[in-house]
Every structure is written in C-alpha cells, then in structure tokens.
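In this note's numbering, the protein residues as written are 1 to 975. Glycine is no exception: its CB is placed at the ideal position from the N, C-alpha and C atoms. Let me begin by presenting the structure, written as structure tokens, before commenting on it.
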C-alpha cells in the first residue's frame, strides 16, 4: 500500500485503505481537508485511466435543471473560454470515454484515456468546467442548452427550442419512459425521485436564469463532490494538481443535498395514465401494466445481489415461474423486470406488455399470488444455483466490451458512496456470492421476497393506456398556449424575442477565435502510434472441419464461435432463420425441456447465443457472406459441458411445442414494439442503406423488414402453427450441417485443445449436408425513400448513397472528414442551430455512406442542411493546429481497450471481410498525415452522395404527414 491511514497527501487525508481482490486494486478513501471534497482512488496497473467528479444533485421540480446544468457547464469556462470545450475535446483527444451523465440524484462528469498527458488535459478541462463555468454569466448558454422562445418574425409562430427541451421530448416519447416517470412520481411523492431530473418538456420552459445559477451555487461545491481516480498514473502529481489548481481555493461548507428517505405506504397505490399512439394504430394489445416496489434505504450489497438473481430466476430465465404464471393467465405477450439499486431506496419493477387496460387487477392478483406461493413453498434451488453461477462467471470475466472497466467500478461505487455508505463495499462480491450459495439451502431468497415484497406495501401499480391522437393533441395545446402568450405581448416584447433569437443564432453560427482554441491543450501527431497490433490466426483442420484459433491469455476461459453459411436457404426462408436464431436455447430439445436447458447453461457455462450475421466484403457493397453464428464461452474446465450443450441445441432442438413457439413469437414482437422507436436511428439507417447496398439489403432483413414479417406472423399464427414449426425445423436442418460449417476459438493452447477434444459432441450427430455455391440472395425490391409514422415527438432523418458507384475510392481522409462533420458542421447545424440531440455520419470502405440525425425536431430543414455539405468542404479553412486536432480525435477510436474475446472476434472479422493488415496500415498512415487539402478534395465524393436520391425517416406522424411530398412511400409501424 502507498500510504497509511491518517496520512496527509497533497491536502487529502487518507481515511481508509484496503486491497479489493475483485477489481485487483488497492483502494484509498480520502477527504480534502480544506474543501471537504471526497476522493476514492483505485491503484491498478490498468493503463486505461479514469477520472470523474460527481455532485449529489437533488432537484425538487421537473424543470430539468440538473440535466441542463450538465450540458451547460461544458459550454466554456474560466481557463477555456470557448463556446463548447467538450466538442473541442471530442474533436482532438485520445479519450476512451468522454461524457457527462445526469441521474435522478447525481450528475457525473467522467473521462478516460490511455495517454497520461491526454488524461491530465481532459481532467483539467472538466474540473475548470464544473467549478468556473461561463453559463453562470451568459444567459445564451441556458437558452441554447435548455430552452428559449424562438420567433423569426412577427408573423411566424412562437415556438420553444433548446437541446435538452428537444432531447426530453424524444426521451419521453416511449410508453415505458412515460410510465417510469409517472410511476416514480407516485412511488416517491416526498423526495427528489418524484420529479424528472432530466426535465419534463411541459415544465422546462418555467426555468429562469436566476434559478439556474442558484442551482450551481448550491450543489456544485467541492463539499458536495465525489472525485474518483482509477488506473496506472502518477497519483502524487495528480492529487497535487487537483489540490493546488482547484480544491485549495474553496473552504468546506455544509451543503444540504441529502436524499431524504421516502416513508413507506400503508397500502399499494394504483394509477392509469395515457400515452399516445398514431391514428393508424390499433389500441388492442397496447396496454402496459407494471408493479413498482420500493425497498428500504439500508439494503446490504448481499441483499441487492440476491434481488438481481431473483429478478433473473423469476422473470428473465427461460422457464421463469413468474413470467410463466403471467403469460399462462393470458395477461400479455411478454413479462420483463428490472432491479435498480442506484437509488437510495432500490426499486424492483415487474412489467407486462401486450395487454388490455381492464386486466390491471388480474395482473396484480397473479403477481401477488405467485410470489406468495414461491415465498412459502420455495423457489427452485437448481435455478437459483444456476443463476448464481452465471452471476459469478460474469463478475469474474469482467468483460465490458471495450469500455473502460474502471469507469464501471466507479459508477458502481457511487451506488453506496452517494448515500454516505462505504464505496469499497460496492466493489466486493466474493463473500456475498459465498453466503448466497449457502442461503439457497436455508430459505434466504424466500425470506427476501417476504420482507421486501409481500409484506411491503410501498408499491405502485400502474397501467399505461394507449390513446390515439394524444401526441397531436398535446402538441396543439402547446401551440395554442404559445399563440395566446404571443397575443399578450406588446410589439416591443415581440421585438425583444426576435432580437434574442437572432442574437442566439449569430452566437451559435460564429467561429471560435484562434486564441480561444489554443487554450485547449493538444497532443501532437508524433504522439500517435503508427503501428497496429499483429493479428495471427492459426488455421488447421479438425475432423474435416476448418478450425481458426487466436492465441491469447483468457484467464482460463474458452471462447468458441461456430459459423454456418446460409447458401442452402431460399429468400423466403431468411426471416425464419432470423426467427430461429432468437428461439434456439428457449425451446425443448430431445433430451431436456427449455427450463432444464437454461439451468444447464447457467450452471456450467458463461452462456451460448445464436445470431444471423452478414459479413460484407470490406471494399465491395455488392458482395457478402451470410452466416448463422453460434457463440459459447465457459471455464476451460467446463469446455466439455459447453460443447455438449451447443451440440444438443444445434442438433436436437424440437419444434413440436407450438404453444411455446407462440409465447416466444409474442415476446419477440413485444420487444420490437417497445424498442423500435428508441433505436430508430439504427433501423432508419439500415433501411436507407438497403436501397443501394446488397450487403445492407441482406442485413436489413433483420430490421424493419423482419418487424413487418413478425407482426404478420403473430396475426396469422393460430391458423398456421404447425406450418411455422415445420418451416423452422426445415431451416434448422438446412443450416446445421458439416458442409456449411467452420469454427474459431480464442484462448491459449489449453483452450484450443479442450474444444478440439470435445468437437465430436457436436459433429457426431450432425449430418454432412451438401456444400452450396456462394451466391447473393434476390430479395424483392422495395420502394425507396420511405417514412415510418410513429407517435414519437422527434425524427430520425437519414440521407445516403454509395460513392464507389460514382467512381470514387476510399482513403483514410474520409475518417478524418467524418470527425469534422460530426463535431463541426453537423454539430452546429443540426444540434446547436437545429435543436436535435445529435447527428451521425458513416463512410464505409465499401462505399456505403450515411448521414442521420438523432432525436431531431426537424425533417425537411435537416435534409436541406445535408445538401450544403459539399460547399462547406470545398471552402473549408483550417489551421495546422485545428487539422491536427481532428486527426487526433479520429485516432481515438483505435484507443479502445479490447478484451481477449473481442480481439479474437476482430481477427476473424478481418479474415472474413478481407481487411488486410497492409490496408489497415495504409489507412492509418493516411489519417495521421491528412491535411486540409485532402478534406477539400473529398467534396465531389460527398456531392455524389448528396445527389443520390436516397432518403429515409422515422418520426412524428404530424411532422411526416406535413412533409410527405418528400417521400415515395409513407408507412405505419407494424401492428
């Protein structure tokens, strides 16, 4: 350990220290003596360093002040007097994470980087931003990031605009988001959780500049802060800088920010709330019922871990008894649940979708009765044991898919630290798992249900009722309110609003001065690595099957991926293959029912999964390889169990249980209904690309095309159940043959040999099949330029084409151009001026090029913005310093810290799509040496995309109908 209890280190007093085995780090809890700031340092050899400063922010209204402050602090500060230092950091740092996040009771400013100089620079900008922000003296920042009245001329309608205002209109568009808002309002009527910290668009315009600045004065003080440091760094130098540059300038003070405990209820509260659906949608099967249960404010880490396991066993696991009871009672199409312990009082939610409004009481009765029976008669011990094994595997694997694991540790620590409890305890789990394993035998889980659920009336039962035209009605009410307000204004007041609108737009459109830009510290191009990691795939043949192996240390875990090509399928069978991928593991096999399969998977493996994957040629959008991909992982000592399970599911799944098939269909449809709009940008971009790319056309079969297929299948299933079962069985037999298969492993020699030894468990029962020639699928042509009507309040507006179709080739300069467009042109035009939450660009090696806005209040205006891109590029002027900034920001994507399994997957992807090391080195070199003239030279390429006729949109029914002349086809969402 570096220090001892009581040591004073650069103004920080060490109050506790301990080694935490679970995160392989020495932990130090400290407090800054003068300012009262708390600090947690995890000393680790991880080079992906993490910093955050977090404030306990507890609003008493839904004006969105915490959220707007989170945005606004990053719009310039004392040392960094730019309009948006955050954007300048995104443009030109090697960060592996850069964001700011608002929770219901805290606001966090986290950064991460593997470069020490970059890490220090990011930390300094964030500390200056939170303690000395320009937003306290510049009302235009609140206008831009929060809300403002907008009026172009006296005849124009008066409107609201603002980044957070528009973001929350989008965020509160989905019925689930509205439901959570309404439920927590009733669950916590007397504390901060009862208001919307992100902001309710109906209330945001009530926020005044005085109230806004007072919020910062009250909450953004070191005495109310939590500072977190993680990783391999010069900690003495870092602490000295934080002390001398910032904290030593503040005196400790009392900050009243504590989250008050909500008193329990004497009885459950019930409510019914409306949510909007499009006029063309049916109200049948659109109701949602949910039960929200608040626990006590002193739950232990062991109890919280037990509740996560309970949620999995009772609801998420195949064969889960609570889900089975609800679905067997005909109360809906899917049951889901979630346990959230990032509140002072954790909340367990149980939600059924695809229901009817009048079934609320029956839903409550089934939940109550089933939980009571489970608590009294006992929960299946094998299921609990399997779920606990799954939790332990996931915890030990520590796979955060390339995101900084230190950040996740820090977020987890706040779940206790924010409420004046021990943050180190939040990172430990070994003893909890050991005690829970013992608790399975002595009724521990059942006692938790009795204590925190059955005998606890602090609950809200809520029903979301679909209502046609509600969104339009609310929009009309807002417009009428604004029109009435406008009529009440004098000419002088109207002039003032017009002038403020004009002044804000002028500020937003203005360029940063070179002097201001130079305040942001910058690395040099010499700091960038020119070499890339060598990827060596070993190839051999095992039992006649090609085996690729990526050799890397995996801490005793075997990763196996099996690829089955789909060339034996017809076009009509592809949607059934997609359906099959989602159903495998959740159906009976010849040896086990699906509940037993889930137990075996959780007890002995880290899980298996199936997915349809279309791997396109890296340089040609008209060539691809389609696969059914089966993945599995397990401790190497359990590799035989893993291979046996994969073999059983692949070779012996039974499709005879048509009732189970229907359950899975309804669950899948319900999942699509609930999530389609929230991932509208992905669905819209996928649909758009399918207009001009063969690769994207195949991939899109799993997008909106599949959603429509699924909706039709659900409607007609009862009349063709046997036929559907036969089709799924036939598709499985066609796919899973030796002739269509090869596989890959990731690990060391021991992992490779363990999988090879057990390969017969899959191959022995697998037919040889007939190898089919590779070919493209000929799917029915779709009408281009579609718009999808939803009840949402914002749009996803996409435009695209393929530059290779116009004779252009790919260079690394395109990646730099993407950074420039994303953080300069589109940021200013679509987000800052247009009010959207953001915008994406994608220029791929195969020529596929896409532009898409996210949570955008506009439609036609955004398409017009895209049209001006070529001219912007043609006339682009950037200093050498600015150009270097964009180059560095582009290279940040290559700084992601890949896990061993991700490295193995990446090596296989590069092999299959033809992405050679030489090409990757060439592109990297082109990025590092990119000059502004290379960006200007791309203007004709971008113009070819803008001139292509392809657009696609998903969004508000009202907005799309107003601009429907832009589209060749306007479609309702699947019913």
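- If you check the CB distance, residue 941 and residue 951 do not come in under 8 Å.
- Taking one beta carbon from each stretch, the region 604-617 and the region 544-554 have fewer than 3 pairs nearer than 8 Å; the two do not touch.
- Closest in C-alpha terms to residue 432, from the list 22, 881, 164, comes 22.
- In the three-state reduction of the DSSP assignment, residue 870 falls in the helix class, which pools H, G and I.
- The beta carbon of residue 628 lies closer than 7 Å to those of 564, 566, 577, 581, 610, 612, 735 in the same chain, with the five residues before and after it left out.
- With distances taken between CA atoms, residue 454 lies nearest to 369 out of 369, 427, 28, 180.
- Minimum Cα-Cα distance from residue 680 among the listed residues 896, 518, 790 corresponds to 790.
- The three-state secondary structure of residue 348, taken from DSSP, is strand.
- Cβ neighbours of residue 445 within its own chain (closer than 7 Å, five residues either side excluded): 306, 310, 379, 384, 439.
- Where residue 550 is concerned, the enclosing beta strand (DSSP E) starts and stops at 545-551.
- Three or more Cβ pairs drawn from the region 195-213 and the region 51-71 lie within less than 8 Å of each other, which places the two stretches in contact.
- Just measuring C-alpha positions, the residue of 687, 147, 748, 808 sitting nearest residue 707 is 687.
- From the listed residues 861, 883, 805, the smallest Cα separation to residue 830 is found for 861.
- Taking a contact to require three or more Cβ pairs closer than 8 Å, the region 644-662 and the region 752-765 qualify as touching.
- With at least 16 other beta carbons inside 10 angstroms of its own, residue 822 counts as buried.
- Per the coordinates, the alpha-carbon of residue 598 lies some 13 Å from the alpha-carbon of residue 381.
- Residue 635 carries a strand assignment under DSSP once its states are collapsed to helix, strand and coil.
- Going by beta carbons, residue 520 and residue 85 fall inside the 8 Å limit.
- In the same chain as residue 20, and ignoring 5 residues on each side of it, the C-beta atoms closer than 7 Å to its own belong to 27, 424, 427, 428, in chain order.
- The DSSP-derived three-state label of residue 802 is strand.
- If you draw a straight line from the Cα of residue 766 to the Cα of residue 187, it is about 54 Å long.
- By a beta-carbon distance limit of 8 Å, residue 183 does not contact residue 463. Their separation comes to about 10 Å.
- One thing to note: residue 470 has its Cβ within 8 Å of the Cβ of residue 276.
- Taking a cut-off of 8 Å for Cβ pairs, the region 651-661 and the region 876-884 do not touch, as fewer than three such pairs fall below it.
- Ranked by how close their Cα comes to the Cα of residue 272, the residues 214, 180, 213 have 180 in first place.
- Take the alpha-carbon of residue 702 and the one of residue 252: they are about 56 Å apart.
- Under the 10 Å beta carbon count, residue 345 is surrounded by 16 or more other beta carbons and is classified as buried.
- A direct Cα-Cα distance of roughly 20 Å separates residue 890 from residue 123.
- By the criterion of a C-beta distance shorter than 6 Å, residue 683 is surrounded in its chain by 703, 704, once the five residues flanking it on both sides are discounted.
- Out of 335, 876, 496, 963, the CA that lies nearest to the CA of residue 320 is found in 335.
- Taking C-beta atoms under 8 Å as the contact rule, residue 873 and residue 939 qualify, at a distance of about 4 Å.
- Here residue 766 carries a coil assignment [DSSP, helix/strand/coil].
- Just measuring C-alpha positions, the residue of 968, 954, 876 sitting nearest residue 937 is 876.
- According to the DSSP assignment, residue 714 belongs to the alpha helix (DSSP H) that extends over 704-735.
- Using a C-beta cut-off of 8 Å, the region 528-541 makes no contact with the region 722-734, since fewer than three inter-stretch Cβ pairs fall below that distance.
- Per DSSP, residue 600 is one residue of the alpha helix (DSSP H) stretching across 594-604.
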